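From first to last, the protein sequence lines stand for chains A and B.
If you read the first sequence in the working numbering, its first letter stands for residue 106, the second for the next number, and so on.
If you read the second sequence in the working numbering, its first letter stands for residue 106, the second for the next number, and so on.
The C-beta atom is built at its ideal place from N, Cα and C for all residues, glycine as well.
The structure presented is a predicted model; accordingly, all values stated were derived computationally and were not measured.
Working notes, beginning with the structure itself.
Number of protein chains: 2
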Amino acid sequence: MSTTQRKAKEKEELKELILQAAKNLFVEKGVEHTTMRNIADAIQYSVGTIYVYYKDKNAILYDLHSKGFQEFNNVMKVLMAVSDPMERLKALGRTYIKFATEHTDMYDLMFNMKAPIEFLCNAELDIWHQGKSTFNLLRTTVQECKDQGYFQHQDVEPLSFAIWGCVHGMCSLVIRQRVHNIGVSSPETIIEDGLEEFNRLVDRK
Amino acid sequence: MSTTQRKAKEKEELKELILQAAKNLFVEKGVEHTTMRNIADAIQYSVGTIYVYYKDKNAILYDLHSKGFQEFNNVMKVLMAVSDPMERLKALGRTYIKFATEHTDMYDLMFNMKAPIEFLCNAELDIWHQGKSTFNLLRTTVQECKDQGYFQHQDVEPLSFAIWGCVHGMCSLVIRQRVHNIGVSSPETIIEDGLEEFNRLVDRK
DNA sequence: CGAACTTATTGAACATTGTTCAATTTTTCA
DNA sequence: TGAAAAATTGAACAATGTTCAATAAGTTCG
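And the structure:
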């Protein structure tokens with residue numbers, strides 16, 4: 106069976122090679138300015154080969170999207186070690202922003218682009234597990250804050266969504282360039298400053 | 106001069122015709138699934154004619170984006186009549202969400218899509234006036250809340266940005282389908298519920 | 001070893017896009 | 001009316017995602 110195993114491994118390796126080449130090109134020149142032929146050239150294979158390993162361009166995008174969430178999830182999960190829930194909540198926000206600003210293109214792909222979700226819908230996967238589990242980290246943390254006397258008379262799930270929305274919204278507005286040239290005093294640090302003020306709203310019993 | 110005036114008026118009318126046809130098609134089948142030929146067919150002109158009135162597809166998108174902001178601005182400006190600033194702040198949020206959920210495609214174009222901003226950058230317009238003036242409505246309202254004793258020790262500009270981010274983020278997550286199939290209990294009303302909880306965070310002295 | 005069979009790879013070909021521009025039609029006005 | 005100006009056309013182009021018959025490489029077994 107060693108040959109079939111080796112074959113399978115080689116196939117996986119080539120698939121990974123395609124994925125990484127695609128990622129590099131996407132980061133370098135943007136998703137919509139990267140062609141299938143570009144990817145093929147980068148790995149020194151012909152266009153046709155890519156279609157053996159991926160159904161279409163969206164499939165590559167979805168795979169990248171998945172890998173991104175895996176990593177994102179891991180980064181966030183580490184923070185569950187912070188015992189104080191309010192501290193943890195703040196840390197989740199900081200880490201989220203750090204990820205978004207350091208991996209702009211990945212973040213865009215994960216949270217803004219339509220392609221990966223279209224692929225997901227076409228594939229008829231009715232639950233988006235990765236998104237669900239990341240959101241659960243937040244929901245759990247907010248619940249624990251509530252247990253400690255924060256957020257009295259507040260509903261955990263909608264509140265968690267609002268918090269997620271706030272952090273995501275700030276990142277999204279900056280990434281999608283809706284804050285540039287708008288007359289904001291410090292565009293470089295506006296997200297961090299925004300988070301600081303948001304934390305002040307949240308950290309009250 | 107009546108002929109030249111009429112000519113100018115006719116040109117404007119045709120430009121508007123193109124714009125409305127484009128908008129209808131965009132709403133109907135999505136921006137990226139609407140072709141220039143589709144727009145031409147809809148208005149019973151040939152493709153070439155469109156290019157007399159618009160430099161390229163992005164120019165149409167930008168024009169639509171501008172018109173959208175004009176309307177958005179008008180809707181929001183009305184709320185400045187609400188004298189109590191905290192009430193006004195909440196009304197701004199509600200109205201923002203209403204606009205976003207009722208004109209999904211327009212909102213997407215205005216706040217998420219890259220094309221209009223790319224056009225803006227290429228045109229070397231260094232200030233995005235419409236975005237600026239809408240943000241100022243929010244900033245002014247937050248400032249007035251502060252004058253009334255809310256948001257003590259908070260910085261108005263970053264706080265305004267955080268508030269904007271929260272509302273935008275929730276809308277964006279829903280529109281871009283990042284909340285579907287995630288296990289949230291009430292996806293239909295999640296934005297409104299989220300806003301309600303956010304308002305509870307904000308409405309404390 | 002080598003022939004039959006399986007798998008992997010290729011790249012020309014296709015349909016569809018945004019965009020251009022020389023040719024054609026329509027309008028203007030002295 | 002007829003020549004100049006303006007408006008409109010649609011075939012043609014380059015670039016894109018995608019397909020698939022043809023080719024090459026690898027595997028198996030007598």
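Our two residues, A:Leu-264 and B:Arg-283, have alpha carbons roughly 16 Å apart in a direct line. Distance from B:Gly-270 to A:Cys-271 at the Cβ level is roughly 5 Å; contact confirmed, criterion being Cβ atoms closer than 8 Å.
With a 10 Å radius around the Cβ and a threshold of 16 neighbouring Cβ atoms, B:Met-215 comes out buried. In this structure, the straight-line span from the alpha carbon of A:His-234 to that of B:Gly-173 is close to 35 Å. In this structure, DSSP gives A:Tyr-255 a state outside helix and strand, which the three-state scheme calls coil.
DSSP, reduced to helix, strand and coil, places A:Pro-221 within a helical segment of the structure shown. For A:Gly-288, the closest of B:Phe-266, B:Lys-219 and B:Ser-188 by C-alpha to C-alpha distance is B:Phe-266. Residues Lys-310 of the same chain have their beta carbon placed closer than 6 Å to that of B:Gly-254, with the five preceding and five following residues left out of the count. Annotated three-state conformation of A:Arg-281 is coil, per DSSP.
Among the residues of the segment 250 to 264 of chain A, those with a Cβ less than 7 Å away from any Cβ of chain B are Gln-259, Asp-260, Glu-262, Pro-263 and Leu-264, in the order of the chain. Residues of chain A whose Cβ lies closer than 8 Å to the Cβ of B:Val-289 are, in chain order, Phe-240, Glu-262 and Phe-266. Neighbours of A:Gln-282 in chain B, taken as residues whose beta carbon is under 7 Å from its own, are Ile-222 in chain order. Shown here, B:Gln-175 sits in a helix according to DSSP, grouped into three states. B:Trp-233 carries a coil assignment under DSSP once its states are collapsed to helix, strand and coil. Buried is the label assigned to A:Thr-239, since at least 16 other Cβ atoms lie within 10 Å of its Cβ. Put simply, of B:Leu-242, B:Phe-303 and B:Cys-226 the residue whose alpha carbon is nearest the alpha carbon of A:His-285 is B:Cys-226.
Contacts with chain A at 9 Å (Cβ-Cβ) do not include B:Ile-165. In terms of beta-carbon proximity, A:His-138 stays away from the interface with chain B, with every pair separated by 9 Å or more.
Counting the other Cβ atoms within 10 Å of the Cβ of A:Ala-113 gives fewer than 16, which makes it exposed.
For B:Ala-145, the uninterrupted alpha helix (DSSP H) run begins and ends at 141 to 148, by DSSP.
With a beta-carbon spacing of about 15 Å, A:Ile-295 and A:Thr-209 fall beyond the 8 Å limit used to define contacts. Taking 9 Å as the Cβ-Cβ cut-off, the segment 141 to 168 of chain A has no residue approaching chain B. Between the beta-carbon of B:Tyr-167 and that of B:Phe-224 there is about 4 Å, and that keeps the pair under the 8 Å contact cut.
Chain-order list of chain A residues neighbouring B:Met-275: Phe-266, Ala-267, Trp-269, Gly-270, Cys-271, His-273 and Gly-274, by C-beta distance under 9 Å.
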